[in-house]
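Student: Residue numbers (this note's numbering): 44 to 318. Beta carbons: idealized from backbone N, C-alpha and C, even for Gly. What you are looking at is a predicted structure, and each value in this text was computed from that prediction instead of being measured. Supplied in C-alpha cells, the structure appears directly below.
In C-alpha cells form, the structure reads like this:
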C-alpha cells in the first residue's frame with residue numbers, strides 16, 4: 044500500500060485515505076446546523092404552492108426589483124434564464140473541475156479531498172459568495188433611496204401619496220436589505236478562514252465548525268424575515284393557518300354529527316327490538 048502523504052505530495056489520490064479524528068464530530072455539527080433551516084424553508088415553499096405565488100420562472104429578486112421599480116423594466120423569461128445561467132456557471136465549472144481532477148489537498152477537517160487543478164479558482168469562488176450579497180445590498184439600498192426620494196418629490200408637487208402604500212414599500216425594501224446583509228455577515232467568517240487556509244495558515248476545526256453554524260443560521264433566518272417584512276407572505280401564512288383550522292373544525296363537526304347519528308340509529312334499533 045502506498046504512502047498517503049507521498050501520494051499527496053505528488054498530487055495524486057492515495058490508496059489509503061486518512062480521515063481526521065474529529066471528522067464525525069464536525070459532520071454531526073454541520074448536519075445539526077442544517078436541519079433547523081429545512082423547516083422554515085419548506086414552510087415557505089408550502090405557503091407559495093398553496094397561495095399560487097410560485098410562477099413558471101425563477102427571478103433574481105434584487106436585480107428584478109431594481110429594474111422594475113427604478114427603471115420600469117420587466118425581465119422576460121429568456122433574460123431571467125440567461126442571468127441565472129451566468130450566476131451558476133462559475134460554481135458549476137469549479138465543481139466539474141474538482142470531481143474530474145487528480146489533485147488532492149489535505150484539508151483541515153475532511154483529510155484528503157479532491158481539488159481543482161487551478162488553486163486560484165477555489166479562492167475566487169469564495170469571494171463570489173461574498174460579492175453576490177454585496178451586489179444585492181447595493182441594489183436594495185438604491186431602491187430604498189429611490190422610493191423615499193420619489194415619495195418626497197410627489198408630495199412637494201402636491202400629489203396625494205398613500206402613506207400606507209409608501210410604508211409598505213419601505214418595509215419590503217428594508218426586509219430585502221436585511222436579507223442582503225445576513226449572507227454577508229454569515230459569509231465573512233468563512234471567507235476569512237478560507238483565505239487563511241489558502242495562504243498556508245492552519246485553521247482549527249472548532250473555527251470551521253463555528254463558521255458552518257453561522258452560515259446555516261442565515262439559511263434559517265432568511266425565510267423568517269421574508270414572512271415578517273413581506274405583507275403578501277404574511278397574508279398567505281394567515282390564510283394557510285385559517286384554512287387548516289377550518290378544515291380541522293369541519294372534520295370535528297362531521298365526526299360529532301356522525302357520532303350522534305350513529306347513537307340515534309342504535310337507540311332506534313334497540314327501541315324497535317324491544318317493542
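#1: State yes or no: is the C-beta of residue 168 within less than 8 Å of the C-beta of residue 133?
#2: Please classify residue 279 as buried or exposed, where buried requires at least 16 neighbouring CB atoms within 10 angstroms.
#3: Does the beta-carbon distance from residue 244 to residue 212 come in below 8 Å?
#4: Using only the alpha-carbon positions, how far apart do residue 276 and residue 181 sit?
#5: Contact between the segment 76 to 87 and the segment 255 to 268 is defined here as three or more beta-carbon pairs at a separation below 8 Å; is this criterion met?
#6: Under three-state DSSP, which class holds residue 244?
#7: Helix, strand or coil for residue 117 per DSSP?
#8: Where does residue 143 land, buried or exposed, given buried means 16+ other C-beta within 10 angstroms?
#9: By Cβ distance, which residues of its chain are closer than 7 Å to residue 111, with the 5 residues on each side in sequence left out?
#10: I believe residue 254 touches residue 226 by the beta-carbon criterion, under 8 Å. Please report the beta-carbon distance rounded to the nearest angstrom.
#11: Enumerate, from N- to C-terminal direction, the unbroken beta strand (DSSP E) stretches of 3 or more residues contained entirely within the segment 170 to 196.
#12: CB-CB under 6 Å to residue 240, same chain, minus the five flanking residues each way: which ones, in chain order?
#13: In or out: residue 163 buried (at least 16 other Cβ within 10 Å) or exposed?
Tutor: According to the structure shown:
#1: Taking the first residue of the chain shown as 1, we reach residue 168 at position 125. Taking the first residue of the chain shown as 1, we reach residue 133 at position 90. Yes, they are a contact pair.
#2: What you label residue 279 is simply residue 236 of the chain shown in a count that begins at 1. Label assigned to residue 279: buried.
#3: Within the chain shown, the letter at position 201 stands for residue 244. Within the chain shown, the letter at position 169 stands for residue 212. Taking 8 Å as the Cβ cut-off, residue 244 and residue 212 do not qualify as a contacting pair.
#4: As a working note, residue 276 is residue 233 in the chain shown. As a working note, residue 181 is residue 138 in the chain shown. Near 24 Å, if we compare the C-alpha coordinates of residue 181 and residue 276.
#5: yes
#6: The residue labelled residue 244 in the question sits at position 201 within the chain shown. Reduced to three states, the DSSP call for residue 244 is coil.
#7: Walking along the chain shown from the start, residue 117 turns up at place 74. Three-state DSSP puts residue 117 in coil, outside helix and strand.
#8: For the purposes of this step, residue 143 is identified with residue 100 of the chain shown, where counting begins at 1. With fewer than 16 other Cβ atoms within 10 Å, it is exposed.
#9: In the chain shown, counting from the first residue as 1, residue 111 sits at position 68. Once the five neighbours on either side are set aside, the close Cβ partners of residue 111 are 117.
#10: Along the chain shown, read from residue 1 onward, the residue named residue 254 stands at position 211. Along the chain shown, read from residue 1 onward, the residue named residue 226 stands at position 183. 13 Å between Cβ atoms; not a contact.
#11: none
#12: Working through the chain shown from its first residue, we reach residue 240 at position 197. Result list for residue 240: 246, in chain order.
#13: Taking the chain shown and counting its residues from 1, one reaches residue 163 at position 120. Exposed.
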